[in-house]
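Per my numbering, the sequence shown starts with residue 0, numbered consecutively.
Glycine included, C-beta positions come from ideal geometry on N, C-alpha and C.
All values reported here derive from a predicted model rather than from experimental measurement.
To start, the structure under review is shown below, and the notes come after it.
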Amino acid sequence: MRVSIIVPMLDEAAQLPALCAHLMRFARAGAEVLLVDGGSRDGSAAIARAAGLRVLDSTPSRACQMNVGAHASTGEALLFLHADTRLPDGALLALLQALQGRAWGRFDVRIEGTSRMLPVVAMMMNLRSRLSGIATGDQALFMTRAAFYAVGGFPKQPLMEDIDICRALKRRLGRPACLRLHARTSGRRWETRGVWRTIALMWWLRWRHFCGAPVEQLARTYR
């Protein structure tokens, strides 16, 4: 079973050299790597292509970008990776082993940054998703190609697309494989906005989403 790694990006030039070097390790191990650009204006697409990676163009929406990548990919297993997230060593083997028994899954996450609260936030995210069976994009979602198509891919919405595809996958195909290997993600968003403020905002947005608030309205609040 071949793994296709799909990375949506938008104006990521500053971190692309490190990201491309990271992704090339998995490409050399046999994974297909697709970066899907949402209209970057900082030369991101050119940088990624110069590094030897395949880049697709898409409208600027993470859900749309990931769907474009999935449809263009050839792997039997799909791994959706945020541009500021890095996979752990052994990720491909662990993912493939997990998909022998489950249709989809995610990794534990470690949030990198200077705040002492970030490890606590990551621990709570991992525990919450393990109990609920719902994960976030920061946890590097993966699934079989059949599972992706069974739920119609990511819903075309500007926010909570990761939450909603997890709900659909759980409802139709059962609970996820929750791998204890840690994907590392940037804590930049948390530290820029304030850790406690970001926690409160995310919980508020999820509660409003659960209550049926329009996703477009929630996206405006998130920005």
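Beta-bridge pairing by DSSP links Met142 to Leu77 and Trp103.
Among the bridge pairs identified by DSSP, Met8 is matched with Asp36.
For Ala182, the closest alpha carbon among the candidates Ala90, Ile46, Ala26 and Gly37 is that of Ala90. Within the same chain, and ignoring the five residues on either side of Gly42 in sequence, the residues whose Cβ sits closer than 8 Å to its Cβ are Ala12. In the three-state reduction of the DSSP assignment, Ser3 falls in the strand class.
Remark: fewer than three beta-carbon pairs, one from each stretch, lie closer than 8 Å, so the region 127-135 and the region 21-35 are not flagged as touching. Of Arg48, Leu95, Met124 and Glu190, the smallest CA-CA separation from Trp202 is found for Met124. For the region 106-183, the continuous alpha helix (DSSP H) assignments of 4+ residues that do not extend past its boundaries occur at 117-131, 144-149 and 160-172, in sequence order.
Annotation: Arg205 to Leu158 spans about 10 Å, alpha carbon to alpha carbon. Here Thr58 carries a coil assignment [DSSP, helix/strand/coil]. Per DSSP, reduced to three states, the secondary structure at Ser72 is coil, with no helix or strand assignment. Arg101 and His81 have their alpha carbons spaced roughly 22 Å apart. Looking at the DSSP output, Glu31 bridges to Ser3. Residue pairing of Ser185 in beta bridges, as defined by DSSP: Glu111. Taking 8 Å as the cut-off, the Cβ atoms of Asp137 and Val108 count as close. Taking one beta carbon from each stretch, the region 103-121 and the region 185-201 have 3 or more pairs nearer than 8 Å; the two touch. The beta carbons of Leu94 and Phe141 sit closer together than 8 Å. Under the DSSP assignment, Gln96 falls in the alpha helix (DSSP H) whose first and last residues are Ala90 to Ala97. Val2 and Arg166 have their C-alpha atoms spaced approximately 23 Å apart.
In this model, Arg196 and Ser114 are separated by some 13 Å (Cα to Cα).
About 19 Å separates the Cβ atoms of Arg85 and Cys177, ruling out a contact at the 8 Å cut-off.
Straight-line spacing of the CA atoms in Ala44 and Val54 works out to 6 Å.
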